[in-house]
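Beneath this line is the structure, given in structure tokens, with notes to follow.
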Amino acid sequence: MSEQFNPFAIAQLQIDQAALKLGLDPATHELLRWPMREIKVVLPVRMDDGSTRIFHAFRIQYNTARGPAKGGIRWHPQETIDTVRALAAWMTWKTSVVDIPLGGGKGGVICNPKELSEGEKERLARAYIRALAQSLGVTRDVPAPDVYTTPQIMAWMMDEYETILGENHPGVITGKPLVLGGSKGRNDATARGGIYVTREAAATYGISLSGGTMAVQGFGNAGQYAALLGEQILGLKLVAASDSRGGVYNPNGISAAALVEYKQKSGALKGFPDATPISNEELLGLDVTVLFPAALENLIREDNAANLKCKICCELANGPTTPEADRILEGKGIVVLPDFLANAGGVTVSYFEQVQNAYNLYWELQEVHWRLDKKMTGAFREVYEMSQSRGTHLREAAYLVAIARVAEACKLRGWV
Amino acid sequence: MDQIAKPYFSITDVCARDLILAYRLYHEMLRYPNILGEIREIFLATLCDKGIVCAESIRQDGLDQLKAIGEPADEESLKGLMDALIDIYFAKHFNWEEIGAYINLARKRDAFNLLNRILSAEEASWQEVRDALRDFCAIPQGSIYIPPGESMGARVSLISRFISDQLPFVGVAKHYISLRDMNELMEKILWDPRRRGRIGGKAAGMFLAYKIILPRFGPRDPDFEEYVRIPESHYFTSGFLTDFLDSNNLFAFHSQKYKSREVIEEEFGKIEQIIEKAVFPPDVVSQFREFLEKIGEHPLIIRSSSLLEDNFGHTFSGKYDSVFIANQGETELRLSEFIQALKQVLTSVFSPKAILYRRDHNLLDFDERMSVLVQKVVGRQFGKYFFPFAAGVAFSRNIYSWTPRIDKNAGMLRMVSGLGTRAVERIGADYPRMVALSHPMLRPEVGAEDIKKYSQKYVDVLDLGKRSLVTIPAADLLKEVDHPDLFYAVSVEKEGHLSAPLFRHQQIDTSSACITFDNLLSKTPIAGLMRKILGKLEEAYGRPVEVEFAWEDGKLYVLQCRALAASKLVEGIALPKDVPPDRVLFTCSLCLISGVVRDIEYVVYIDPKAYKRLSTVEERLSVGRIVRKINRLLEDKIYALFGPARWGTNDLQLGVKVGYEDINRARILAEVAFEALGSTPEPSFGTHFFNDLIEADIIPAAIYPDDPESIFREDFMLGCPSVLSSLAPGLDDLGGLARVIHVPSCQHGRMLQVCLSGEEQKGIGFFAAKGEPA
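Protein chains in written order, with this note's numbering: chain Z, -5 to 410; chain C, 882 to 1655.
So, in structure tokens, the structure goes:
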């Protein structure tokens, strides 16, 4: 059985640690420990069989000092307000670390999407917007897809919002389908952001990528793009990859494109020709230049961290490394690119979508890539400099950069 | 009916028109001079019945007329005059069409009487029966029938002689299969020149199902009329294969079933070789040739249809072979392919798995014979490939109800693209679409990644060039074949979101497509049709049913129907609460069915981690052999079998390859899926393997040790001493991979108690003393 833990308590602990390092005054510290606005709504939804079900939902606007709240809407049966609070806090730091003019937010609906028909999902999506329309908008709070919510659900939500306002407001939601104002380049944004950060880290720490190798743990969307872009942009050779059914390894290199095609065909990596099977644990211990953990939480733990031989660990997944493992990796001199920096490409392109919606002018793919590169490169530099000036590792530095920016904005506004 | 006392009319009421009509009627009757009396009996009965006139008044009329013309009223004259009056009355009151129908009725009664006489004569040959039935059915059906109650005896007799004499089957079939249906069926039966035989269970099941869905008499559902079909089917009676064995002096094979398991297994290879070399009699071969010439070059499936197969409650799922043949090219080539397939089907009667299944179900003494159902494969040709748009298996009860919203009684589908073989077998890391018919669009996965992961990746098709069934990646098929109905089959991933195409003729990016059938389920009537069909069949059979089906070009083909054992579906299990944590061996959160097994004495553990470490195919196959041996060692004990997901798979990477006969004594079959091993127990409900478990009262369970909500005591499994070496000295346990734990010895006399609740989707295995409440 799992031990009960409260994610919001962990988020608050992280703020406490950063506040101490930054020397925040008590009022600012206390302000940052809590969401500034919490909205709880009850949504009656007509079900297909004619009955009405009541759903409970939340929207947390954690901090809007740097701009409108930004964050996804999760549909999950075990949703709790504390999970949503914690995720909203992390969104605040994520938008801040990549320096986009947004705050942090998160929404949640307690529901089991597996049990809802398409019609019921649509009615639930619209009910959520009707209940929260007064608190949403391009200048207030901009939701996006998250756990179990999709571009289709975003499209219904946008339509409901526009119906209420009686005017065109595509920027109220991001992650929309392209034809309704989505941004190009969203598909690979998370991986691409991680790749740009890896490139900067390698250059900064004097690690040669050209001719180097990479291993990818988790071969979903982010993992597949990391393999493809790692080859294209960084010149890395893919030597191993794994998914939930096992991994494949070839020290002479695996074509990322061929592996992606194989995975799409067979649904798994296992059985890929010209490669030998490898377990997740073995993959972690490979002597590669870059390791991309792209799927699991708590993958790198106290018991296996010492096995890692990579030079850079780029955390595309959320929370792949436990705090104990972090210390071990630091001791081994492995450059860990922390998750909320490494995977911030997604929210950055979401922000680009909002910008394009506001201008009603849409960028070509190259422009999205160019702007993302600029943002991610800039973010890495800031974090690196913080780590140097404070003598700390990149994860802590990233927190310090992000929290300091939010704290500064609060101060300048005269809130504290 | 009130008797009419006075004459109905006098001669002055008869006009020239009536006489002309009566003359024409009489002329028509003269076509059947042997049954003039019967025809008039029916006329008179009908006149009486409709209140027009009664026998008494006609007689009075006759007497009056004789008196009027001054003739003596003797019986002969009176009868002649009464006959004439009946004709005149009938011609006056009924139109020509009605007259024809009543004359037909008299003809039918006459032919029916003959048929009845032949059916009740014990010495009557099947040919005589056949001819009598054919003569009866040669009379147009018309709109006036022999009442069903009257023909029931004949129907039962015909069904028992030619289809099946299993009483539960006959009890249902007699209500739905009419004499004309029997005749229609018999036109499609091919008979061996020497041996008669019956058409067997599978053929019977399919035919009966179709007649229940679309009865010849009585109201028909217009939806069924529009959409439901059966494939062109031909029935080769069991006589052919009996004749084959006789003519090759293979009588001894019939006693094979009484030998020991070891001998049956050992000798099966020889039997295969002998049957391979044996030949059909020349006249039978000519019959096959003629049949193939008539049917033309269309792919065929040769389905086993043994007399026991598909009997109520004993489905023989996958025990006997069914063989696809391409049936293309020169006749002699097709003939040899056809004969080969027949032999393969016949051989499967003697296979260990079939005989042991019969032994387990007390069916050994039945004189099992194999007949064959030959169907044109439902599908379309695309280049060298031939396959149906979709196929699968449907159940009238949905035990796989993973949310309480699902109505179990609405049924479920297990559907695949291409041939249905992938829906009925455990197919490695591939997944058919599971459809809850109460909520066809719901699925347990949410999000593009999960839906893609649990979708069908490979398609079974007939490769007409290679003349065999092949499995090809769905992605390749989508690329190669420009299927006009692709819109209904796939969803396309775009920007991380998976959705079904919006328009019928939309350009579909097949490289991002995955098979979901979302549009088929939401934009065609298939789900509603299947639900209605399953309901109707279950009502008729009086027990849950399983239907194999195909969907092709907008039509639903019923390929096969079986009645399932009703008693196996347990509901309302209350899980024990507050079991002390140290007494719990496992909990699970995915329970396909409900069940309770008490006082399990032995736990067999096939260590999934050790299994994963095995590197060669041979090593992995040897695990299956050990399981088989342990199964035999514990055959009179209550034992639970735990091992890697998935049991019974054909993919050795995923799990242990075992057949029904290797695990048939286990009471619990648990799949332990460690996350790090990448294993995933599959909701296998509906596969042959699953059917076997249900029939044999073996309860499947799925355990996810890494799920934070679950418990699995790996330490118990690996830490308790294994008694395997004392049970079977010298048996290699593959370095401790296979462990047999005597539970009471490790738990102070307590046994393992297992309760699984399908409704709650929860299960628990815990230790308690015999009879001790949890």
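Note that beta-carbon positions come from the ideal geometry of N, C-alpha and C, so glycine has one too.
Given the structure is predicted, the values throughout are model-derived calculations rather than measurements.
Exercise. Note down the Cα distance separating Tyr1422/C from Phe1050/C, rounded to an integer number of angstroms.
Key: When rounded, the separation of the alpha-carbon atoms in Tyr1422/C and Phe1050/C is 8 Å.
* **Arg1437/C - partner residues in DSSP beta bridges** => Here residue 1437/C turns out to be Leu, not Arg, going by the sequence shown. Paired residue(s): Val1109/C, Trp1432/C.
| Contact set between the segment 78 to 112 of chain Z and chain C, restricted to residues whose Cβ is under 9 Å from the partner | Here the close residues are Asn106, Pro107, Lys108, Glu109, Leu110, Ser111, Glu112.
| request: Assign His1115/C to buried or exposed, taking buried as 16 or more other Cβ atoms, counted over all protein chains shown, within 10 Å of its Cβ. | output: Buried is the call here.
At 9 Å on the CB atoms, spell out the chain C contacts of Ser260/Z, in chain order. Neighbours of Ser260/Z on chain C, chain order: Ala1310, Asp1311, Lys1338, Tyr1339, Pro1354, Ala1356.
- Query: Where does His1386/C land, buried or exposed, given buried means 16+ other C-beta within 10 angstroms?
  - Reply: Looking at its Cβ environment, which holds fewer than 16 other Cβ atoms inside 10 Å, His1386/C is exposed.
Q. By the 10 Å Cβ neighbour count, where 16 or more other Cβ atoms means buried, how is Pro1564/C classified, buried or exposed?
A. Residue confidence is low: Pro1564/C scores 48 on pLDDT, short of 50, so the model does not pin down where it sits. No coordinate-derived value is stated.
- Message: So, for Ile147/Z: in the same chain, excluding its five sequence neighbours on each side, which residues have a beta-carbon less than 6 Å away from its beta-carbon?
- Response: Hits under 6 Å: Ala119.
For Lys1338/C, the three-state DSSP class (helix, strand or coil): Lys1338/C: coil per DSSP, three-state reduction.
- Query: Given Ile1580/C, which residues of its chain have a CB within under 8 Å of its CB, disregarding the five upstream and five downstream residues?
  - Reply: The residues are Ile1474, Gly1476, Val1478, Arg1548, Ile1549, Leu1550, Leu1574, Val1635, Leu1637.
Q. From Asp367/Z, Leu323/Z, Asn246/Z, Arg321/Z, pick the residue whose C-alpha is nearest to that of Gly340/Z; which is it?
A. Ranked by how close their Cα comes to the Cα of Gly340/Z, the residues Asp367/Z, Leu323/Z, Asn246/Z, Arg321/Z have Asp367/Z in first place.
_List, from N- to C-terminal side, the beta strand (DSSP E) runs of 3 residues or more that fit wholly inside the segment 96 to 163 of chain Z._
Qualifying beta strand (DSSP E) stretches, in chain order: 98 to 104, 135 to 139.
Does any residue of chain C have a CB that is nearer than 8 Å to the CB of Gly66/Z? At least 8 Å separates the CB of Gly66/Z from every CB of chain C.
- request: Return the CA-CA distance between Asn0/Z and Ala82/Z, expressed in angstroms with no decimal places.
  value: If you take the alpha carbons of Asn0/Z and Ala82/Z, they lie about 14 Å apart.
Per DSSP, what kind of secondary structure is His50/Z in: helix, strand or coil? His50/Z: strand per DSSP, three-state reduction.
Sequence-distant residues of the same chain with beta carbon closer than 6 Å to Leu280/Z, five excluded per side:
Ala209, Ala234, listed in sequence order.
Do Ala1694/C and Ile1481/C have their C-beta atoms within less than 8 Å of each other?
Residue 1694/C falls outside the range modelled here, since chain C spans only 882 to 1655, and no answer is possible.
**OP:** Output the boundary residues of the alpha helix (DSSP H) element that contains Tyr907/C.
**Re:** Element bounds for Tyr907/C: 897 to 910.
For Thr1468/C, the first and last residue of its enclosing beta strand (DSSP E): Where Thr1468/C is concerned, the enclosing beta strand (DSSP E) stretches over 1465 to 1469.
TODO: Give the secondary structure of Gln1256/C by DSSP, where H, G and I count as helix, E and B as strand, and everything else as coil.
DONE: In the displayed model, Gln1256/C falls within a strand according to three-state DSSP.
- Item | CA nearest to the CA of Cys404/Z, picked from Ser238/Z, Glu73/Z, Ser90/Z | Considering only Ser238/Z, Glu73/Z, Ser90/Z, the residue with the shortest C-alpha distance to Cys404/Z is Ser90/Z.
### Query
In this structure, does DSSP put Tyr1026/C in helix, strand or coil?
Looking at Tyr1026/C - three-state DSSP - the assignment turns out to be coil, as it is neither helix nor strand.
task = At 7 Å on the CB atoms, spell out the chain C contacts of Gly217/Z, in chain order.
result = Within 7 Å Cβ-Cβ: nothing; Gly217/Z doesn't reach chain C, min ~11 Å.
field: Minimum Cβ-Cβ distance from Tyr142/Z to chain C less than 8 Å
entry: With 8 Å as the cut-off, Tyr142/Z counts as an interface residue toward chain C.
- Query: Considering Phe1368/C, what are the terminal residues of the alpha helix (DSSP H) in which it resides?
  - Reply: Under the DSSP assignment, Phe1368/C falls in the alpha helix (DSSP H) whose first and last residues are 1367 to 1370.
- [ ] May I have the straight-line CA-CA distance separating Cys307/Z from Leu290/Z, to the nearest angstrom?
- [x] Rounded to the nearest angstrom, the two C-alpha atoms are 14 Å apart.
- Task: Return the chain-ordered list of same chain residues with a C-beta closer than 8 Å to the C-beta of Val1498/C, the five sequence neighbours on each side being excluded.
- Result: Once the five neighbours on either side are set aside, the close Cβ partners of Val1498/C are Leu1533.
(Q) Please confirm whether Leu1323/C has its beta-carbon closer than 8 Å to some beta-carbon of chain Z. (A) True, the Cβ-Cβ gap to chain Z drops below 8 Å.
| request: Anything in chain Z within Cβ reach of Gln1501/C, meaning under 8 Å, just list it in chain order. | output: Sequence inspection shows Arg at residue 1501/C; the Gln mentioned does not correspond to that position. Simply none; closest approach about 13 Å.
Quick one, which residues of the segment 1376 to 1396 of chain C are near chain Z if we go by CB-CB under 7 Å, in chain order? Residues passing the 7 Å Cβ filter: Glu1376, Gly1377, His1378, Ser1380.
Run the CB neighbour count on Met1033/C, radius 10 Å, all protein chains shown included, and call it buried at 16 or more, exposed below.
Exposed, because fewer than 16 other Cβ atoms sit within 10 Å of the Cβ of Met1033/C.
Considering only residues of the same chain and omitting the five flanking positions on each side of Tyr1057/C, which have a CB-CB separation below 8 Å? Around Tyr1057/C: Leu1089, Lys1092, Ile1093, Pro1096, Ala1421.
*asked:* Strictly below 9 Å CB to CB, what residues from chain Z border Thr1284/C?
replied: Going along chain Z in sequence order, the residues near Thr1284/C (Cβ under 9 Å) are Asn106, Lys108, Glu109.
Strictly below 8 Å CB to CB, what residues from chain C border Pro171/Z?
Taking a Cβ-Cβ threshold of 8 Å, the residues of chain C close to Pro171/Z are Lys1375, Glu1376, His1378, in chain order.
*asked:* Does any residue of chain C have a CB that is nearer than 8 Å to the CB of Gln146/Z?
replied: Judged by the 8 Å Cβ criterion, Gln146/Z is in contact with chain C.
Buried or exposed by the 16-neighbour rule on C-beta atoms within 10 Å, applied to Phe1132/C:
Under this definition Phe1132/C is an exposed residue.
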